[in-house]
Amino acid sequence: MKKIILLLALAIGSFAQAQEITVNTQGNGGTINNGDTFTYTTLWSTQAESLGKIPFTVTNNTAAPINVQVRIDQIENADGSNVQMCFGVCLATIEVGEFYPGFNYTIEANETSQAGDHFANGNAGVNTTAEVKYRLTFVKMNEDGTPISDLLTFNYIYSPTAGVGDVKGLQNIGINLSNTVVKNQIDITATTAATMELFNLNGQVLKTVSVKEGSQSIEASFLSTGVYVAKFTTTSGKSSTIKLVKN
Numbered sequence: 141m142k143k144i145i146l147l148l149a150l151a152i153g154s155f156a157q158a159q160e161i162t163v164n165t166q167g168n169g170g171t172i173n174n175g176d177t178f179t180y181t182t183l184w185s186t187q188a189e190s191l192g193k194i195p196f197t198v199t200n201n202t203a204a205p206i207n208v209q210v211r212i213d214q215i216e217n218a219d220g221s222n223v224q225m226c227f228g229v230c231l232a233t234i235e236v237g238e239f240y241p242g243f244n245y246t247i248e249a250n251e252t253s254q255a256g257d258h259f260a261n262g263n264a265g266v267n268t269t270a271e272v273k274y275r276l277t278f279v280k281m282n283e284d285g286t287p288i289s290d291l292l293t294f295n296y297i298y299s300p301t302a303g304v305g306d307v308k309g310l311q312n313i314g315i316n317l318s319n320t321v322v323k324n325q326i327d328i329t330a331t332t333a334a335t336m337e338l339f340n341l342n343g344q345v346l347k348t349v350s351v352k353e354g355s356q357s358i359e360a361s362f363l364s365t366g367v368y369v370a371k372f373t374t375t376s377g378k379s380s381t382i383k384l385v386k387n
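With the sequence shown counted from 1, adding 140 to any position gets you the numbering used here.
So this is what it looks like as structure tokens:
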């Protein structure tokens, strides 16, 4: 009985820690849950700033100020360069085990951090045909910058090849494509309203379309033969990208 009570107390304590903050994508959009994985098939760059980027805000759910930093737990197939780790300030390089921004980011009681914070990857990888992976954890800190407890962890993956994983990513946010190889139109079935942005590989936006619930076709005959990137963002703030081939 004592063991059961102890396990229950530990479980309640972990749940309470997770509830101290809420991390949202795109301000008041979709919530990032502990353990979530976000996969991107495009690289961030200063010329294509909306690609390969997960914007976030952090809300303090408690009645007292909270100090937060982001710890980098994993970098796989990259050296930590050519990224944007923006949490109060923006940094272009990161290291495993380090905390960012390197000082306490204090969020007042029941307040939300500033818009514009995000994590983005522009590193194609040591092996450019393999995935680049990051794991980031929001950590509660003491006034002197000493870690107190982990609050929320999420994973970021850059996958250089479009495939089943990309299709599943779209399906997870309520978007289905009939084919990723298109001729004159892009056929979409959606269970939620969204916006589709169509980019060329230089990051230029070629078309922006509102996607309604149900089935619809989007004109694509104006595209030249080649590879493009479609980014879908739902009204709840969830997003996913996929590469399209125009024949």
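The beta-carbon is built from N, C-alpha and C at its ideal position, and this holds for glycine as well.
Inset, instruction - Identify the continuous beta strand (DSSP E) that holds residue 254 and give its terminal residues. - result: Per DSSP, residue 254 belongs to no beta strand (DSSP E) and is neither H nor E.
Inset, instruction - Measure the C-alpha to C-alpha separation of residue 222 and residue 348 and round it to an integer number of angstroms. - result: If you draw a straight line from the Cα of residue 222 to the Cα of residue 348, it is about 28 Å long.
Inset, instruction - Determine the burial state of residue 372: buried for a count of at least 16 other Cβ atoms within 10 Å of its Cβ, exposed for fewer. - result: buried
Inset, instruction - Taking the CB atoms as reference points, tell me whether residue 217 and residue 273 lie closer together than 8 Å. - result: yes
Legend entry - Range covered by the beta strand (DSSP E) that runs through residue 327: Residue range 325–330 is occupied by the beta strand (DSSP E) that includes residue 327.
Inset, instruction - Answer with yes or no whether the minimum CB distance from residue 237 to chain C is below 8 Å. - result: Annotation note: the requested chain C is absent from the structure, which comprises a single protein chain.
Legend entry - Inter-stretch contact at 8 Å, needing at least 3 Cβ pairs: the stretch 291–300 / the stretch 172–188: yes
Legend entry - residue 309 - DSSP class collapsed to helix/strand/coil: helix
Inset, instruction - For residue 187, count neighbouring C-beta atoms within 10 Å of its own C-beta (all shown protein chains included) and say buried if the count is 16 or more, exposed if not. - result: exposed
Inset, instruction - Just the C-alpha distance for residue 258 and residue 162, rounded to the nearest angstrom, thanks. - result: In this structure, the alpha-carbon of residue 258 lies about 15 Å from that of residue 162.
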